[in-house]
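Comments concern the structure below.
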Amino acid sequence: YDAAYAVVGLLTGGNGGNDLGAAWTAGTGVTSDHVNTTSPRTGLVSFRLVTDGARAASAALLSQSLANPTQFRGKALTAVAYLRRTGGTESGITLRIADNIGGTNAGTVTASTDTAATVTRVIDAAATSVTISFIISATETAAHTFFVDDIDILPEGGVICAGVALVASVLS
11 YDAAYAVVGL
21 LTGGNGGNDL
31 GAAWTAGTGV
41 TSDHVNTTSP
51 RTGLVSFRLV
61 TDGARAASAA
71 LLSQSLANPT
81 QFRGKALTAV
91 AYLRRTGGTE
101 SGITLRIADN
111 IGGTNAGTVT
121 ASTDTAATVT
131 RVIDAAATSV
141 TISFIISATE
151 TAAHTFFVDD
161 IDILPEGGVI
171 CAGVALVASV
181 LS
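With the first letter of the sequence shown counted as 1, position 42 gets the number 52 in this note's numbering; the numbers rise by one all the way through.
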């Protein structure tokens, strides 16, 4: 079992593994793959994001829009992910929750070891979209490599388990 694999049904592919990684969209100028590294935080795989060296500050590296975003109106969402930078020096990676009204960022991670990033946002009462994304912290002039693992999202009030499902041969 990969921690956060199906991420309480709100996100798909929280650990970047198997075909569930297809639910995530790589940003322009970013190559994204889910790799079996020698050091994922948990499980067997993590997302690897490699930039082309020309990303502007706050450009999306990887993102996923939540299904049924209006159910979160007026409620707090907390996202957690483990991030690390293994290549490049001028930019870091930041976890972001945004609705179509605004967004909230976690702190920037530049460490070469897995570092927890946490962000909470109260979704606007008029929101029609909610997106979880990873953004670059500063304009870059050289390529960077980042790893993302164990993505979780929790809505205000928590979640209730309504059962388990077998997804791509992994109990989630």
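Yeah, the Cβ is synthetic: ideal placement off N, Cα and C, and Gly gets one too.
Legend entry - Run of the beta strand (DSSP E) containing Ile161, from where it starts to where it stops: Run containing Ile161: 155-165, per the beta strand (DSSP E) assignment.
Legend entry - For Asp109, the first and last residue of its enclosing beta strand (DSSP E): Per DSSP, Asp109 belongs to the beta strand (DSSP E) from 103-109.
Inset, instruction - Tell me whether Ile142 is buried or exposed, calling it buried when 16 or more other Cβ atoms sit within 10 Å of its Cβ. - result: By the neighbour-count rule (16 or more Cβ atoms within 10 Å), Ile142 is buried.
Inset, instruction - Please report how far the alpha carbon of Ser147 lies from the alpha carbon of Gly167, in whole angstroms. - result: Each residue's Cα considered, the two are about 31 Å apart.
Inset, instruction - Just mark Asp62 as buried or exposed, buried being the case when its beta carbon has 16 or more other beta carbons within 10 Å. - result: Exposed.
Inset, instruction - Go ahead and label Ala14 buried or exposed: buried means 16 or more other beta carbons lie within 10 angstroms of its beta carbon, across all protein chains shown. - result: With a pLDDT of only 35 at Ala14, under 50, the local geometry of the prediction cannot be trusted, and the value read off the model is given with reservation. Ala14 is buried by the Cβ-count criterion.
Legend entry - For Gly84 and Thr123, the rounded distance between their alpha carbons: Going by C-alpha positions, Thr123 is about 35 Å away from Gly84.
Inset, instruction - Name the residue from Phe156, Ser56, Ile163, Asn110 whose alpha carbon lies nearest to the alpha carbon of Thr96. - result: Of the listed residues, the one whose Cα sits closest to Thr96 is Phe156.
Inset, instruction - Decide if Gln74 is buried, meaning its Cβ has at least 16 other Cβ atoms within 10 Å, or exposed. - result: Answer is buried; the Cβ neighbour count reaches 16.
Legend entry - Closest Cα partner of Ala127 within the set Asn110, Glu150, Gly102, Ala135: When Asn110, Glu150, Gly102, Ala135 are compared, the shortest CA-CA separation from Ala127 is found for Gly102.
Inset, instruction - Specify the secondary structure class of Thr80 as computed by DSSP and reduced to three states. - result: DSSP places Thr80 in helix when its eight states are reduced to three.
Inset, instruction - Could you check if Thr118 is buried or exposed, using at least 16 other CB atoms within 10 Å of its CB as the buried criterion? - result: Around the beta-carbon of Thr118, 16 or more other beta-carbon atoms lie within 10 Å, marking it buried.
Legend entry - Supposed close pair Leu72, Ala36 - CB separation, criterion 8 Å: A Cβ-Cβ distance of about 6 Å is found for the pair Leu72 and Ala36, placing them in contact under the 8 Å criterion.
Inset, instruction - To the nearest angstrom, report how far apart Ile163 and Leu105 are at their CA atoms. - result: The alpha-carbon atoms of Ile163 and Leu105 are separated by roughly 11 Å.
Inset, instruction - Sort Val129, Ile161, His44 by Cα distance to Ala108 and report the nearest one. - result: It is Val129 whose Cα lies nearest to the Cα of Ala108.
Legend entry - Residue of Ala153, Asn110, Asn115 minimising C-alpha distance to Thr138: Comparing Cα-Cα distances from Thr138 to each of Ala153, Asn110, Asn115, the minimum goes to Asn110.
Legend entry - Nearest candidate by alpha-carbon position, reference Ile161, set His44, Ala89, Arg131: When only C-alpha atoms are compared, the closest one is Ala89.
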